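This report refers to the structure that appears directly beneath it.
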Amino acid sequence: MPDPTFTAVVLAAQRAGVVDPLAEAHGVSHKCVVPIGGKPLIVHAVEALLATPGIARVRIVVEPDMDARLRALLPVTTTKVDFVPAADNLADSVFAATEGVDGPLIVTTADNVLLTPGAVSAMLRTITTIADVGVAMATRYAVLTAHPEGQRRFYKFADDEYSNCNLYGFGGAHAIKAAESFRSGGQFAKKPMRLLAAVGVVNVVLMLTKQLSLKRALARLGKRFRLRIAPVVLADGSHAIDVDNERTYNCAAVLLEKRAIALNRIAA
Numbered sequence: 001m002p003d004p005t006f007t008a009v010v011l012a013a014q015r016a017g018v019v020d021p022l023a024e025a026h027g028v029s030h031k032c033v034v035p036i037g038g039k040p041l042i043v044h045a046v047e048a049l050l051a052t053p054g055i056a057r058v059r060i061v062v063e064p065d066m067d068a069r070l071r072a073l074l075p076v077t078t079t080k081v082d083f084v085p086a087a088d089n090l091a092d093s094v095f096a097a098t099e100g101v102d103g104p105l106i107v108t109t110a111d112n113v114l115l116t117p118g119a120v121s122a123m124l125r126t127i128t129t130i131a132d133v134g135v136a137m138a139t140r141y142a143v144l145t146a147h148p149e150g151q152r153r154f155y156k157f158a159d160d161e162y163s164n165c166n167l168y169g170f171g172g173a174h175a176i177k178a179a180e181s182f183r184s185g186g187q188f189a190k191k192p193m194r195l196l197a198a199v200g201v202v203n204v205v206l207m208l209t210k211q212l213s214l215k216r217a218l219a220r221l222g223k224r225f226r227l228r229i230a231p232v233v234l235a236d237g238s239h240a241i242d243v244d245n246e247r248t249y250n251c252a253a254v255l256l257e258k259r260a261i262a263l264n265r266i267a268a
């Protein structure tokens, strides 16, 4: 079976009027261009997407005045990248970036530097076979095995504790309405009231009392949108470590170095 053709969206914009502390610490205007492992954050994410079989286009959502700067940072041979002006919130940014796209869609963030083609392919298999929407997660054990300081907050379900991997899949234009849950800005583990607004009181109560497994929780959420929503549980917990602050920056830098060493050994 051939690999499905898909479009990827990378969310790279900065919140209006907010100076990102990590960007400020590294002397740059946007977090997406903070250097790590010899490259800006966003380049790691884009390269993983471009290396995934079936990629058609990568659409980067960012402020228009960053287009030329980001274009210059990407591989010179890249012809599959477009830029989309950022909207006032994540939901509208996703809607704008996916307008006119028919077919599977992958959404991730510019700080998802440990993203791999394997993770993207796993998401694609889910949204082209059993679900309309996929949400990538990793268990607490997998995350802390990857790096003991990788994450400090986890969602607790009946079956396990999980961390989000900032990787989402939509089976097509019909499934994009689920992006409405991003309107408040995400970060549900840090800001529980956003979770309440996104999934509803009953679902939050069931989650807090650990009466729902991850799979059942997402299935109940899917009923709110009349969509099939399924988890994609990634074995490599490093996928849940995005670059949010200096702590996670240092964790990701260590893991990127380990990956580079492993690849060099294979090449040798």
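Here UniProt numbering is used: the first residue of the sequence shown is 1, the next is one more, and so on.
We treat Cβ as the ideally placed atom computed from N, Cα and C, and that holds for glycine.
Quick caveat, the model's predicted, so the values are computed rather than measured.
C-beta atoms of residue i and residue j nearer than 8 Å
i, j, result
"I241", "G150", "yes"
"A158", "S93", "no"
"A86", "V62", "yes"
"I229", "A131", "yes"
"L22", "T108", "no"
"D102", "A173", "yes"
"V84", "A8", "no"
"P148", "T128", "no"
"A119", "I60", "no"
"M123", "V233", "no"
"P117", "A48", "yes"
"A96", "G237", "no"
Opening and closing residue of the beta strand (DSSP E) in which residue i lies
i, result
"G169", "161-170"
"P21", "Element bounds for P21: not the beta strand (DSSP E) but the alpha helix (DSSP H), 21-25."
"V10", "6-11"
"A217", "No beta strand (DSSP E) holds A217; the alpha helix (DSSP H) holding it covers 214-225."
"A230", "229-233"
"I176", "First-last for I176: undefined, no H or E at that position."
"V107", "105-109"
Residue i: first and last residue of the uninterrupted alpha helix (DSSP H) it sits in
i, result
"residue 286", "Not covered by the structure: residue 286. The range shown for the chain is 1 to 268."
"G134", "No alpha helix (DSSP H) holds G134; the beta strand (DSSP E) holding it covers 133-139."
"residue 280", "Nothing in the structure corresponds to residue 280, since the chain is present only between 1 and 268."
"T248", "246-267"
"A48", "41-50"
Rounded distance between the beta-carbons of residue j and residue i, thought under 8 Å
i, j, result
"V135", "P53", "22 Å between Cβ atoms; not a contact."
"V143", "A45", "Wrong, their Cβ atoms sit about 19 Å apart, outside the cutoff."
**Request:** Tell me the start and end of each unbroken beta strand (DSSP E) in the stretch 61-87 that is at least 3 residues and wholly inside, in chain order.
**Result:** 81-85
**Request:** Answer yes if the stretch 247-262 comes into contact with the stretch 164-179, meaning at least three C-beta pairs across the two stretches below 8 Å, and no otherwise.
**Result:** no
**Prompt:** Pairing CB atoms from the stretch 68-77 with CB atoms from the stretch 40-51, are three or more of them under 8 Å?
**Reply:** yes
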